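Mapping to full-length UniProt numbering: the sequence shown position 346 is 346, numbers consecutive. Just so you know, even glycine gets a beta-carbon here, dropped at the ideal spot from N, CA and C. Only a predicted model underlies this, so the values are computations on that prediction, with no experimental measurement involved. Here the structure comes first, spelled out in structure tokens, and everything after it is commentary.
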Amino acid sequence: MSAGQRVDGWVGGHNIQIGRVDGDLTVLLDRAEYRLELLEPREPARVPRSRRSPSYLLDARQEIVPYRPRPEMEESLRRWRDEDDEPASLLLMHAPGGQGKTRLAGWFATQTHEQGWAVTQAVTRTARPPAATVQGLGGEVPLLVVVDYADRWPLSALVHLVESLVFGHPGRRLRVLLLARPQTGFWESVEAELARISIDLPSPIPLPPLATGPAGEVFTDAATAFQTALTTPPYTPVPCPAEWSEADSPLTVHMSALAAVCAARDDVPAPDRDELSKFLLGHERRYWQADPTSTEQIETMMLVASLFGPLETLQRARSWLKLAHLANGDTQAEQLLATHRRLYPADTLTQSNPAALAPLRPDRIAEDFIATQLARPHTAELVTELLSHAEPAEIRQGLIMLAAAGDRHTTARTALFDLIATNPALARQATPPVIDTFIRHGTHRQAVTLHRALPRYSTELLRPTRDLAQHILTTLPAQTPPATRAYWLNWASLRLAAAGDRQAALTTIQEAVDLYRVLAKNEPAAHLPNLAMALNNLGNHLAETGDRQAALTAAQEAVTIRRALAKNEPAAHLPSLAGALNNLGNRLAETGDRQAALTAAQEAVDLYRVLAKNEPAAHLPNLAMALNNLGNRLAETGDRQAALTAAQEAVTIRRALAKNEPAAHQPDLAMALNNLGNRLAQTGDRQAALTAAQEAVTIRRALAKDEPAAYLPDLAMSLCAEVWIKEMHSFDLSTALTTVDEAIEIYEKLAEQLPQTFNGQLAAARATRSNIRQQIDAASQEDPPDEQDAPDGP
């Protein structure tokens, strides 16, 4: 088998290796969002003269400085790999950049390979090179998967990777090692998304900083290695710094050693810690000056590379260089790419598919370079222009790099804040580190600007947006008007509920209601609409936490207010009244008042029908929602044919909407189909009912795969609906049993988190399973029917 060749990717490139690697690429798992690449060893090579820049020498992948053992961490990883009884386990190792995560993971990968394991690295968002061989993940040997920069992966892609490994290879010994920088809420999000998967999730382990004592030894070893690489005479004296801070990372020590070696060679004073990057970037530029291309052009090209590289194709790289005003056409762009290849030869790539515009490494050098460039005139404007032409994944990458640089540099975070202020649409590609940068370094106003630009809902951002909303709330100036505070309390409650903290959401929205109630008493014209909105949300949060009677009371008050407002200003308030009536119908149904629930639902439909006739784009989705609920209410009161008619109309509207905007309307189409299946079953159309129910399951399964926290309850509901149809008509009971078992497994995990909300559904699903088993047992004890009396198939 050929050795595993690595191809630079969007998130961090390829950093983990067994020794060093080259040759043809062997891909073990190939997916749209990521792939697994086999890692196998080769012998280290001599450092060529063209590779003696600081960026190359400090790159952990090149292993210029020999690996320094970290016995305690090595033993922790070994025990996790070998002594844990769980067949599948995922471990997060976290530390700030430059702390040595990649080197330790590389050592561990090497040791694991020597123990007979298959070792792979997960790479996200890259195109597989034509020369790659897709081998598949077959075989029974244990498997280690290393995911570097895990905190920069889209959460959905990370979850999909783990699901593919666990579900695709049950029983195989599997270890997944995530490497990440510390990030608020990252592990909590991962843990919540993976809770439904049968994989062990031990507590994350931090990689501690260097002890004060060994730092001097690390410096000496690094200096010796750099002298060898640069062919500097070994007798050249390299002074070791007199003092080390416990906060000094291995990368900082290596940078100090390299700067000291270069300074001694050039007979100049060595820089202090604060000037390390400036000094080494000066040497990087001196390396560029040996090339005939102008240094200014190279600087701009490397800014593009460090923000957005490595790029998947040469064509895209040429486009970036033209967008950066470095080239007028493909010919000039290709000349610049040739310069980049001379300065940074792509020795980690197959010749048939060389990646383009690989960034400076390590990350700290790239981040410091980006910050330095942003201090120059017009660079921020150039970055803004580049991002306006970027694809979503490229915007994500650029914002990640700006946030990372902004953690230490004012110029970078100022550029990031200004970008979001002038082009809020960029925030749709924001990641948790971007939001964290705003929280830790931004002003209150900048945090508000970001919040307003973020999407209303994103699984990846549930916890960061919760933290952002709470940050805004807690940093409100002391003299903030009560109306503003109530506004942000309302938002914080929505973010808390979306992140699963329903009790805190309830407490927060209650405070908002209390404030709006006082405001509305003094200025009803200005604040009654807001009080009704907050009451509506309060009713939803009370229902979610199981207090149905209090939820009903809140919903009734919201309707009373909305009705009075709509009487005086129908154009302004009828849509809100319709929405409040729709929610009231749900609350009444939950408390058992079916006739009143039907009346409220019917009024909501009547209002939305008039509104949709005049403004279909604005109100058709709401009409479909109201029809869906009306169908449920009609079914509960026994009018099955009318319920079916309402459900069919809801599906017709939802299907048309989903055809044009699937991302926005597929969830609601699934809900409508789910209810249509129930209505069809009640009117006796078994096959049509099953078709509708199974389509709902298909849609919700896909949604739950990407956003399990949001859609797993819905998937369980649809699974139960499919089972109910089969149970009701006593057919295909064996598959119904399998389906209800899946629903029970989901409800068990949901009930652990919110027993008051999901215990009822869990009990109902278990009762259904018991009934089905009884039907199967009864059928097995009967005499088989005569052949001519055999029932038709389903």
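Please state whether DSSP places LEU535 in a helix, a strand or coil.
If you number the sequence shown from 1, residue 535 lands on position 535. LEU535 falls in the helix class under three-state DSSP.
Using only alpha-carbon positions, find the residue among ILE776, ASN583, VAL740, GLN775 that is nearest to ALA764.
On the sequence shown, position 764 is the one that residue 764 refers to. Looking at the Cα atoms, VAL740 is the closest of the given residues.
Which residues mark the beginning and the end of the alpha helix (DSSP H) in which HIS619 is found?
Position 619 of the sequence shown, counted from the first residue, corresponds to residue 619. 616–636 is the extent of the alpha helix (DSSP H) around HIS619.
Answer with buried or exposed for ALA497, where buried requires no fewer than 16 other C-beta atoms within 10 angstroms of its C-beta.
In the sequence shown, the residue the question calls residue 497 occupies position 497. Looking at its Cβ environment, which holds 16 or more other Cβ atoms inside 10 Å, ALA497 is buried.
Quick check: the Cα distance between ALA580 and ASN536, rounded to an integer number of angstroms?
Locating residue 580 in the sequence shown gives position 580, where the first residue counts as 1. Locating residue 536 in the sequence shown gives position 536, where the first residue counts as 1. Computed Cα separation, rounded: 7 Å.
Please report the residue range of the beta strand (DSSP E) in which ARG175 lies.
Taking the sequence shown and counting its residues from 1, one reaches residue 175 at position 175. Looking at the DSSP string, the run of the beta strand (DSSP E) that includes ARG175 is 174–180.
May I ask you to report which of helix, strand or coil DSSP gives ILE205?
Taking the sequence shown and counting its residues from 1, one reaches residue 205 at position 205. Note: ILE205 maps to strand in three-state DSSP.
What are the boundary residues of the beta strand (DSSP E) that GLN121 is part of?
On the sequence shown, position 121 is the one that residue 121 refers to. Counting along the chain, the beta strand (DSSP E) containing GLN121 begins and ends at 118–124.
If the criterion is Cβ atoms closer than 8 Å, does the pair ARG548 and THR591 meet it?
The residue labelled residue 548 in the question sits at position 548 within the sequence shown. The residue labelled residue 591 in the question sits at position 591 within the sequence shown. Against a cut-off of 8 Å, the Cβ pair of THR591 and ARG548 comes out as a contact.
Under the DSSP definition of a beta bridge, which residues are partnered with ASP200?
Numbered from 1 along the sequence shown, position 200 holds the residue referred to as residue 200. For ASP200, which the question treats as bridged, DSSP gives the partners SER89.
State yes or no: is the C-beta of GLU672 within less than 8 Å of the C-beta of ARG701?
Within the sequence shown, residue 672 is the residue found at index 672, counting from 1. Within the sequence shown, residue 701 is the residue found at index 701, counting from 1. Position check: residue 672 holds Ala in this sequence, whereas Glu was assumed. Going by C-beta atoms, ALA672 is not nearer than 8 Å to ARG701.
Within this structure, are the beta carbons of ASN582 and ALA604 separated by less than 8 Å?
Translated into positions along the sequence shown, residue 582 becomes position 582. Translated into positions along the sequence shown, residue 604 becomes position 604. For ASN582 and ALA604, yes; Cβs fall inside 8 Å.
Quick one: grab the DSSP three-state call for VAL610.
Residue mapping note: residue 610 aligns to position 610 of the sequence shown, counting from 1. Three-state DSSP puts VAL610 in a helix.
If you follow the beta strand (DSSP E) that residue 798 is part of, which residue opens it and which one closes it?
The displayed coordinates of the chain run from 1 to 794. Any statement about residue 798 would go beyond what the structure contains.
Put HIS113 into one of helix, strand or coil per three-state DSSP.
Taking the sequence shown and counting its residues from 1, one reaches residue 113 at position 113. In this structure, HIS113 counts as helix in the three-state DSSP scheme.
What residue range does the alpha helix (DSSP H) around GLU385 cover?
Position 385 of the sequence shown holds residue 385. Residues 379–388.
Below 7 Å CB to CB, which residues in the same chain sit around ALA612 once its five sequence neighbours on both sides are set aside?
Reading the sequence shown from its first residue, position 612 is the one you call residue 612. Result list for ALA612: HIS619, LEU620, LEU623, in chain order.
Taking three-plus beta-carbon pairs below 8 Å as touching, is the segment 142–149 in contact with the segment 174–183?
Touching, per the Cβ criterion.
Are the Cβ atoms of LEU326 and THR300 separated by less than 8 Å?
Counting from 1 along the sequence shown, the entry for residue 326 is found at position 326. Counting from 1 along the sequence shown, the entry for residue 300 is found at position 300. Yes. Within cutoff.
Would you call the CB atoms of LEU489 and ALA512 closer than 8 Å?
On the sequence shown, position 489 is the one that residue 489 refers to. On the sequence shown, position 512 is the one that residue 512 refers to. Contact flag set, yes.
Span of the alpha helix (DSSP H) holding TRP187?
Within the sequence shown, numbered from 1, the residue matching residue 187 stands at position 187. First-last of the alpha helix (DSSP H) with TRP187: 186–194.
Starting from the C-beta of ALA390, find all residues in its chain whose C-beta is less than 8 Å away, skip the five residues before and the five after it, and write them out in chain order.
In the sequence shown, residue 390 corresponds to position 390, counting from 1. These residues qualify, in order along the chain: PHE308, GLY398.
Would a C-beta distance cut-off of 8 Å place ARG640 and GLN595 closer than the cut-off?
The residue labelled residue 640 in the question sits at position 640 within the sequence shown. The residue labelled residue 595 in the question sits at position 595 within the sequence shown. No, these two residues do not count as a Cβ contact at 8 Å.
Quick one, are the C-beta atoms of TYR608 and ALA626 less than 8 Å apart?
Here residue 608 corresponds to residue number 608 of the sequence shown, with the count starting at 1. Here residue 626 corresponds to residue number 626 of the sequence shown, with the count starting at 1. Yes, Cβ-Cβ distance for TYR608 and ALA626 is below 8 Å.
What is the DSSP secondary structure of HIS94, reduced to helix, strand or coil?
Within the sequence shown, residue 94 is the residue found at index 94, counting from 1. HIS94: strand per DSSP, three-state reduction.
Which residues in the same chain as HIS444 place their Cβ atom closer than 8 Å to its Cβ, once the five residues preceding and following it in sequence are excluded?
The residue given as residue 444 occupies position 444 in the sequence shown. Same-chain partners within the cutoff: ILE472, THR475, LEU476, PRO477.
Only counting the same chain, and skipping five residues up and downstream in sequence, which positions put a Cβ closer than 8 Å to that of PRO204?
As a working mapping, residue 204 is identified with position 204 in the sequence shown. The residues are LEU91, LEU92, MET93, HIS94, TRP187.
Can you name the residues that DSSP bridges to LEU311?
Walking along the sequence shown from the start, residue 311 turns up at place 311. DSSP, once it has assigned bridges, lists ALA356 as partnering LEU311.
So what's ALA656 in DSSP terms, helix, strand or just coil?
Here residue 656 is taken as the residue at index 656 of the sequence shown, counted from 1. Correct three-state label for ALA656: helix.
Would you kindly check if the distance between the Cβ of ARG587 and the Cβ of ALA551 is under 8 Å?
Taking the first residue of the sequence shown as 1, we reach residue 551 at position 551. Taking the first residue of the sequence shown as 1, we reach residue 587 at position 587. Cβ atoms of ALA551 and ARG587: closer than 8 Å.
Would you call residue 796 buried or exposed, if buried means 16 or more other Cβ atoms sit within 10 Å of its Cβ?
In this structure the chain extends from 1 to 794, so residue 796 is not present and cannot be described.
Near ALA704, what residues of its chain come up, given a Cβ to Cβ distance below 6 Å and the 5 sequence neighbours on each side ignored?
Start at 1 with the first residue of the sequence shown, and residue 704 comes out as number 704. Result list for ALA704: TYR711, LEU712, LEU715, in chain order.
Give the straight-line distance between the Cα atoms of SER770 and GLU727, rounded to the nearest whole angstrom.
On the sequence shown, residue 770 is found 770 positions in, with the first residue counted as 1. On the sequence shown, residue 727 is found 727 positions in, with the first residue counted as 1. Using only the alpha carbons, I get a separation of about 11 Å.
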